[in-house]
Amino acid sequence: MTRVLVVEDDPQLVRALVINMQARQYGVDPAPDGATALRLAAMRRPDVVVLDLGLPDMDGVDVIKALRGWTRVPILVLSARRASDEKVAALDAGADDYMTKPFSMDELPARLRAAVRRTEAVAPETVEVITEDFTIDLVAKTAMRAPGVYVRLTPTEWHLLEILVSNPGRLITQKQLLQEVWGASQSNKTNYLRVYMAQLRRKLESDPAHPRHLITEPGMGYRFER
Ligand code: CA
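Using the numbering used here, you'd call the opening residue of the sequence shown number 4 and step up by one each time.
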């Protein structure tokens, strides 16, 4: 059974979420505030966390940071906040996905399944990432366009690609990529990303102008799709 920790202080929404998820055979633990959420996360080891950002005792982003100190459990953020910098802050802190309230109860289970699937997909034994256009071997550190046709990548290109393909389907923010590849002091150099992503597409995508795998999320970041 998939266990979901629901962190939300609105009792009506909690009730709706619990009914909806139990009907789909999820085990649900509700937490009305951040402190309870952190305690339950350690005790119950949920498979996925659904987290409201506006909590009575602490900011949801701090809950994400506290969780990320010890667990990679998928976190799906629910928030009434529409501003894109709030989303980016939650994603930078380590959230996996984001739904803006009000949302459709039909959409939630699909998002939960996708979040759980993604953590399974990035299990450490994953070494080869195969798409129709290219194959990446994360252990041998090679990229091929076709069997035996290797693509030469610079260390910087490789570092970027490695982060993206290790997180299939997941939006990686510009800031996360810049900090990881170039260091915290360069985290505003979004032009670096544009240049290097264009190079990677030229080397790997069959139609670099219409990429199918190395996707730009305008103003937010990048995403690798198989
Ligand atoms: Ca709230």
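All residues carry an ideal CB built from backbone N, CA and C; glycine is no exception. It should be emphasised that the depicted structure is a prediction, and the values quoted were computed from it without experimental measurement.
Residues near D32 in its chain [Cβ-Cβ closer than 8 Å; skip 5 each side]: R6, V7, L8, V9, L43, R47, P49
Selected residue, minimal CA-CA separation from A157, among T219, T39, Q202, R71: Note that residue 157 is Thr in the sequence shown here, rather than Ala. Per the Cα distances, Q202.
Backbone secondary structure at T157 - three-state DSSP: coil
Proximity winner among G222, R226, H216, V198, relative to A86 (alpha-carbon distances): If we check each option's Cα against that of A86, G222 comes out closest.
Cβ-heavy atom distance, L58 to ligand 1, below 7 Å: Yes - ligand 1 has a heavy atom lying nearer than 7 Å to the Cβ of L58.
Where V142 falls: helix, strand or coil (DSSP): Here V142 sits in coil by DSSP.
Beta-carbon contacts of T145 that lie in its chain and below 7 Å, excluding the five residues immediately before and after: Y153
Rounded Cβ spacing between M11 and L115 (contact assumed at less than 8 Å): Per the sequence shown, the amino acid found at residue 11 is Glu instead of Met. Actually they are not in contact, since the Cβ atoms of E11 and L115 sit about 14 Å apart, beyond 8 Å.
C-alpha distance - P127 paired with M147, whole-angstrom precision: With a pLDDT of only 49 at P127, under the threshold of 50, the placement of this residue in the model should not be trusted, and no figure is reported.
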